[in-house]
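**Student:** This is the structure I have questions about; it appears just below.
In full-length UniProt numbering, the protein residues as written are 1 to 267.
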């Protein structure tokens with residue numbers, strides 16, 4: 001069922017250690033709507049005490065109500081991301097959080113365009129693009145999510161969907177230096193199904209080719225493209241060896257001690 005591949009040859013795996021093309025490995029932990037005060041403190045405490053690969057950029061994303069709690073207790077060197085941000089300045093927007101409020105709270109990253117928001121809340125590509133622009137203009141780093149459903153993959157529309165999502169952002173943003181692209185096939189998120197190493201590498205490589213053609217060669221070389229979709233300590237090492245996979249956006253496993261094993265996937 002998941003055997004479909006794109007129509008180009010994937011590159012060979014990169015070496016198991018070191019940076020790929022000068023790109024620093026990036027691992028994000030998306031807690032989604034999970035956690036309590038005590039659980040967040042426990043997760044943060046474990047990360048503070050853990051021996052994490054110093055060459056890996058680590059960012060965790062707890063629910064909005066726990067952002068300040070995480071930032072207050074988390075050691076220097078690990079950053080905190082919001083799971084969402086609004087595209088307008090402060091004002092009459094009930095339930096939203098602005099870029100300036102995140103910056104004021106020491107939150108340096110935000111996730112934008114996660115499939116759960118694209119599908120459940122029906123966030124359109126242009127709305128996602130506006131939020132990316134607002135976040136970048138305000139000085140935040142952005143983890144920009146993209147990915148296809150199972151039906152879209154089986155209809156050979158993977159890259160049509162992914163590039164439409166990314167292309168909307170390219171219309172609004174020229175500088176991609178503070179964007180990390182997270183490819184997350186919707187059919188692999190929280191399902192236990194993982195794209196094969198070859199499937200993931202193919203899409204990552206195609207995204208990098210698109211960056212080179214539609215953004216710039218500099219963006220193609222420097223932009224980190226990370227994989228998300230049921231990443232665990234069991235599959236991360238092989239995925240990390242792929243030439244165009246520069247890290248992971250981790251869901252459920254980021255709530256567990258094994259998150260450290262994923263951070264250290266290339267050690």
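All residues carry an ideal CB built from backbone N, CA and C; glycine is no exception. All figures in this text were calculated on a predicted structure; none of them were measured in a lab.
Given residue 28, which residues of its chain have a CB within under 6 Å of its CB, disregarding the five upstream and five downstream residues?
**Tutor:** Counted from its first residue, the chain shown places residue 28 at position 28. So the list reads 59, 143 and 249, once near-sequence residues are dropped.
**Student:** Measure the alpha-carbon distance for residue 169 versus residue 146 and round it to whole angstroms.
**Tutor:** Position 169 of the chain shown, counting from 1, holds the residue named residue 169. Position 146 of the chain shown, counting from 1, holds the residue named residue 146. Rounded to whole angstroms, residue 169 to residue 146 spans 11 Å at the Cα level.
**Student:** When you compare only the Cα positions, how much space is there between residue 228 and residue 94?
**Tutor:** To locate residue 228, count along the chain shown from 1; it is residue 228. To locate residue 94, count along the chain shown from 1; it is residue 94. Residue 228 and residue 94: Cα-Cα distance of roughly 30 Å.
**Student:** Starting from the N-terminal side, write out each stretch of the beta strand (DSSP E) that is 3 residues or longer and does not extend beyond the region 12-62.
**Tutor:** Runs found: 25-30 and 56-61.
**Student:** Return helix, strand or coil for residue 191, following the three-state DSSP convention.
**Tutor:** As a first step, residue 191 is located in the chain shown; it is residue number 191 there, counting from the start. DSSP places residue 191 in coil when its eight states are reduced to three.
**Student:** Does DSSP put residue 248 in a helix, in a strand, or in coil?
**Tutor:** Locating residue 248 in the chain shown gives position 248, counting from the first residue. Here residue 248 sits in strand by DSSP.
**Student:** To the nearest angstrom, how far is it from the Cα of residue 199 to the Cα of residue 242?
**Tutor:** What you label residue 199 is simply residue 199 of the chain shown in a count that begins at 1. What you label residue 242 is simply residue 242 of the chain shown in a count that begins at 1. Computed Cα separation, rounded: 11 Å.
**Student:** Whole beta strand (DSSP E) runs in the region 103-136 with 3 or more residues, listed along the chain?
**Tutor:** DSSP runs (the beta strand (DSSP E)) wholly in the region 103-136: 109-112.
**Student:** Where in the region 162-225 do unbroken runs of the alpha helix (DSSP H), each at least 4 residues long, occur, reported from the N-terminal end onward?
**Tutor:** You should have 197-210 and 217-222.
**Student:** Can you check DSSP and say which residues form a bridge with residue 142?
**Tutor:** Sequence index remark: in the chain shown, residue 142 carries index 142 (1-based). Answer is 110 and 179, bridged to residue 142.
**Student:** Going by alpha carbons, who is nearest to residue 247 out of 128, 119, 264 and 117?
**Tutor:** Locating residue 247 in the chain shown gives position 247, where the first residue counts as 1. It is 264 whose Cα lies nearest to the Cα of residue 247.
**Student:** Within the same chain, show all residues whose beta-carbon is closer than 7 Å to that of residue 52, passing over the 5 residues directly before and after it, in chain order.
**Tutor:** In the chain shown, residue 52 corresponds to position 52, counting from 1. Counting only Cβ-Cβ distances below 7 Å, and skipping sequence neighbours, we find 58, 260, 263 and 264.
**Student:** What are the partner residues of residue 80, as DSSP defines its beta bridges?
**Tutor:** Along the chain shown, one-based indexing puts residue 80 at 80. The partner list for residue 80 (beta bridge, DSSP) reads 60.
**Student:** Quick check on the burial criterion: 16 or more other C-beta atoms within 10 angstroms. Buried or exposed for residue 30?
**Tutor:** Position 30 of the chain shown holds residue 30. By the 10 Å Cβ count, residue 30 comes out buried.
**Student:** In angstroms, rounded to a whole number, what distance separates the CA positions of residue 128 and residue 134?
**Tutor:** Working through the chain shown from its first residue, we reach residue 128 at position 128. Working through the chain shown from its first residue, we reach residue 134 at position 134. Their Cα atoms are separated by approximately 10 Å.
**Student:** Taking the straight line between their C-alpha atoms, what separation do you get for residue 269 and residue 71?
**Tutor:** Residue 269 lies beyond the range of the chain shown here (1 to 267); nothing can be said about it.
**Student:** Could you tell me whether the Cβ atoms of residue 26 and residue 180 are closer together than 7 Å?
**Tutor:** Here residue 26 corresponds to residue number 26 of the chain shown, with the count starting at 1. Here residue 180 corresponds to residue number 180 of the chain shown, with the count starting at 1. In this structure, residue 180 lies closer than 7 Å to residue 26 by Cβ.
**Student:** Straight-line CA distance for residue 256 to residue 153?
**Tutor:** Here the question's residue 256 lines up with position 256 in the chain shown. Here the question's residue 153 lines up with position 153 in the chain shown. About 30 Å.
**Student:** Should residue 159 be labelled buried (16 or more other beta-carbon atoms within 10 Å of its own) or exposed?
**Tutor:** For this step, residue 159 is matched to residue 159 along the chain shown. By the neighbour-count rule (16 or more Cβ atoms within 10 Å), residue 159 is buried.
**Student:** Please state whether the Cβ-Cβ distance between residue 287 and residue 61 is less than 7 Å.
**Tutor:** Given that the chain is displayed from residue 1 to residue 267, the structure contains no residue 287 and the question cannot be resolved.
**Student:** Taking the alpha-carbon positions, what's the residue 56 to residue 121 distance?
**Tutor:** Within the chain shown, the letter at position 56 stands for residue 56. Within the chain shown, the letter at position 121 stands for residue 121. Going by the C-alpha atoms only, they are around 32 Å apart.
**Student:** Quick one: what does DSSP say residue 4 is sitting in, helix, strand or coil?
**Tutor:** Taking the first residue of the chain shown as position 1, residue 4 is located at position 4. For residue 4, the pLDDT reaches just 42, beneath the cut-off of 50, and the residue's location in the model is therefore unreliable, leaving the point undetermined.
**Student:** Are there 16 or more other CB atoms within 10 angstroms of the CB of residue 251, so buried, or fewer, so exposed?
**Tutor:** Working through the chain shown from its first residue, we reach residue 251 at position 251. Answer is buried; the Cβ neighbour count reaches 16.
**Student:** So which of 74, 206, 215 and 186 has the shortest CA-CA distance to residue 106?
**Tutor:** Here residue 106 corresponds to residue number 106 of the chain shown, with the count starting at 1. Answer by Cα proximity: 74.
**Student:** For the putative contact between residue 103 and residue 140, defined by C-beta atoms under 8 Å, what is the C-beta separation to the nearest angstrom?
**Tutor:** The residue labelled residue 103 in the question sits at position 103 within the chain shown. The residue labelled residue 140 in the question sits at position 140 within the chain shown. Between residue 140 and residue 103 the Cβ distance is about 7 Å, and since that is below 8 Å, they are a contact.
**Student:** Using 8 Å as the threshold, is the region 180-197 in touch with the region 233-242, meaning 3 or more CB pairs across them?
**Tutor:** Result yes; three or more Cβ-Cβ pairs closer than 8 Å.
**Student:** Smallest Cα separation from residue 34: which of 178, 67, 206 and 210?
**Tutor:** For this step, residue 34 is matched to residue 34 along the chain shown. Among 178, 67, 206 and 210, the Cα nearest to that of residue 34 is on 67.
**Student:** Could you pull the DSSP bridge partners for residue 66 from this structure?
**Tutor:** Within the chain shown, numbered from 1, the residue matching residue 66 stands at position 66. According to DSSP, residue 66 bridges with nothing at all.
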